[in-house]
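Working notes for the structure below.
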Amino acid sequence: MKFGTKAIHAGVEPDPTTGAIMTPIYQTSTYVQKSPGDHKGYEYSRTHNPTRTQLQNALAALENGKHGLCFASGMAAVDAIIKMLKPGDEVISTNDLYGGSYRIFTKIFQNYGIKFHFTNMQDLDNVEKLINRNTKMIWAETPTNPLLNIIDIKGYAAMTKKHDLLLVADNTFATPYLQTPLDMGADIVMHSLTKYMGGHSDVVMGAVVVKDDELADKLAFIQNSCGGTPGPQDCFLVLRGLKTLHLRMERHCQNGRKVAEYLKNHPKVGKVFWPGFEEHANHAIAKEQMRDFGGMVSFELKGDKVEDATRVLEKLKLFALAESLGGVESLCGHPATMTHASIPSAERLKAGLSDSLIRLSVGVEDAEDLLADLEQAIG
Ligand SMILES: *Cc1c(COP(=O)(O)O)cnc(C)c1O
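Residues 160 to 538, numbered by our numbering, are exactly what the sequence shown covers, in order.
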């Protein structure tokens, strides 16, 4: 099946009891057994729930994986993945990582004796030098947030195979419409379904998708033991969102391109970050591993003053000033004071996240209206 057909059909079956074409919301915590242990595959909804099962199957199909596991948020999915490790283990990740992932790594798991290295993952040799006998995992997020650097998934897959490490790819920004990391050799795909996958800014949820049965068992054990699972109503909302993923992504990409090109030619705008530009440092890899370049665009203002960025953000009307991304509506944000405020300022600047940097999540509205909004705000 091609992607659009899969988005609508894969992993989802009509309800066996009624034939309902849309997966019912099985709003139940428990399931009646005929005799002890004699049940229909469902015992308790932390462990399994039919609405969640269909969503997990749909996600596995879209990522070309075998097993999908849903969590109450993207962070609960991150939490479950890191809980496969033990004290003394080490993880290497990028230095412009999603702020919440940076926070859980450094403020939570570091206290449990797991060590994290943050480095420029565009430089593969540099990363390979950090590998030692305690290294267990490489954590890639691509495109990165908010600088939209591209990490070479195939390159890291070769490295992790060679050193017997796990490669995790946070695929939140790209979605499987743009790239399928498991096909490129990643072991684990992680998602914040809150963003493009849900797509309507009405639910918080996360997921993990894997091919390997043993990894799936480990993660399912953690999912059930730690209990960070989503409710059936939220699973229904994501299932509904997934059915238009390909349509939304196509428009996000078209609008993203128009916004990036508009900003690039604006006299008050400094650097524009968008992997579709030929001069983008990782454009060649982006072209190879992604179908298109996505709807996220970041830019700096000339002079790089926080006050200028604040003024633009206050003036934007269609681009709502809000955390998050990937919904049908356009959003804008200021990483330095919002999503990445938990990263110390010296480290933030070192990673290239300047004071006036504005991040846009370009929605699926009419591009003309979005450009007019940017014009009146930056103008
Ligand atoms: C939002 C986000 C997360 C965290 O997901 P939540 O659903 O907010 O818990 C992780 N990684 C990336 C790249 C994100 O954008």
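Glycine is no exception: its CB is placed at the ideal position from the N, C-alpha and C atoms. All values derive from a computational prediction rather than experimental measurement.
Residue(s) in a DSSP beta bridge with residue i
i, result
"glycine 328", "Position check: residue 328 holds alanine in this sequence, whereas glycine was assumed. Per DSSP, Ala299, Val348."
"cysteine 491", "Leu480, Leu519"
"valine 367", "Leu228, Met349"
"phenylalanine 275", "Val250"
"threonine 294", "Glu249"
"threonine 182", "Threonine 182 pairs with nothing; no bridge assigned."
"threonine 334", "Paired residue(s): none; threonine 334 is not in a bridge."
Within 8 Å, strictly: CB atoms of residue i and residue j
i, j, result
"aspartate 525", "aspartate 463", "no"
"aspartate 485", "tyrosine 355", "Here residue 485 turns out to be glycine, not aspartate, going by the sequence shown. Taking 8 Å as the Cβ cut-off, glycine 485 and tyrosine 355 qualify as a contacting pair."
"proline 391", "tyrosine 203", "no"
"alanine 531", "histidine 493", "no"
"leucine 352", "glycine 365", "yes"
"valine 237", "serine 260", "yes"
"valine 368", "alanine 219", "yes"
"glycine 435", "valine 521", "no"
"lysine 322", "valine 487", "One detail in the question is off: residue 322 reads as histidine in this sequence, not lysine. It is not a contact, given that the beta carbons lie outside the stated cut-off."
"alanine 510", "asparagine 285", "no"
"serine 232", "valine 363", "yes"
"leucine 606", "glutamate 287", "Residue 606 cannot be examined here, being either before or after the span of the chain that is shown, 160 to 538."
"leucine 508", "proline 305", "no"
"glycine 224", "valine 397", "no"
"asparagine 441", "valine 523", "no"
"valine 171", "threonine 164", "no"
"isoleucine 381", "lysine 242", "yes"
"histidine 350", "alanine 166", "no"
"alanine 375", "methionine 343", "no"
"leucine 529", "valine 456", "no"
"alanine 419", "leucine 475", "no"
"phenylalanine 478", "leucine 422", "no"
"alanine 217", "leucine 401", "yes"
"methionine 234", "isoleucine 263", "yes"
For residue i, three-class secondary structure by DSSP
i, result
"aspartate 372", "helix"
"glycine 233", "helix"
"aspartate 197", "strand"
"glutamate 506", "helix"
"tyrosine 203", "strand"
"threonine 177", "coil"
"threonine 164", "helix"
"threonine 210", "helix"
"threonine 339", "coil"
"threonine 187", "coil"
"asparagine 383", "helix"
"threonine 319", "helix"
"alanine 169", "coil"
"aspartate 528", "helix"
"serine 513", "coil"
"isoleucine 267", "helix"
"proline 305", "coil"
"glutamate 222", "coil"
"aspartate 282", "coil"
"lysine 313", "helix"
"proline 391", "helix"
"glutamine 215", "helix"
Nearest residue (CA-CA) to residue i, options the options
i, options, result
"glutamine 448", "Thr334, Glu202, Asn291", "Thr334"
"glutamate 129", "Leu326, Phe230, Ser457, Ile167", "Outside the shown range of the chain (160 to 538) lies residue 129, about which nothing can therefore be said."
"arginine 399", "Ala440, Gln213, Thr189, Asp197", "Gln213"
"leucine 228", "Val171, Met318, Thr388", "Thr388"
"leucine 490", "Ala481, Thr498, Met497, Arg450", "Ala481"
"serine 384", "Ala239, Phe432, Leu519", "Ala239"
"asparagine 330", "Leu341, Leu324, Pro173", "Leu341"
"leucine 460", "Asp451, Asn424, His439", "Asn424"
"glutamine 269", "Asp282, Pro246, Thr278", "Pro246"
"aspartate 361", "Thr164, Leu477, Phe395", "Phe395"
"leucine 516", "Val523, Ala443, His499, Asp528", "His499"
"alanine 161", "Tyr201, Gln215, Leu283, Leu337", "Rather than alanine, the amino acid found at residue 161 in this sequence is lysine. When each option's Cα is compared against that of lysine 161, the closest is Leu337."
"leucine 533", "Arg470, Ala495, Met497", "Arg470"
"threonine 496", "Gly178, Arg205, Gly258, Thr206", "Gly258"
"glycine 314", "Leu283, Ala328, Ile290", "Leu283"
"aspartate 393", "Leu289, Phe230, Asn293, Ser188", "Phe230"
"leucine 244", "Pro209, Thr278, Trp298, Gln281", "Trp298"
"isoleucine 444", "Ile309, Lys370, Pro173, Phe275", "Ile309"
"phenylalanine 332", "Lys274, Asp311, Leu307, Tyr201", "Leu307"
Any chain C beta carbon closer than 8 Å to residue i
i, result
"lysine 288", "The structure shown has no chain C; it contains just one protein chain."
Near ligand 2: residue i beta-carbon under 7 Å from a heavy atom
i, result
"tyrosine 257", "Ligand 2 is not among the ligands present in this structure, which contains only ligand 1."
Quiz item: Which full runs of the alpha helix (DSSP H) of 4+ residues lie inside the stretch 406-472, going along the chain?
Solution: Qualifying alpha helix (DSSP H) stretches, in chain order: 442-448.
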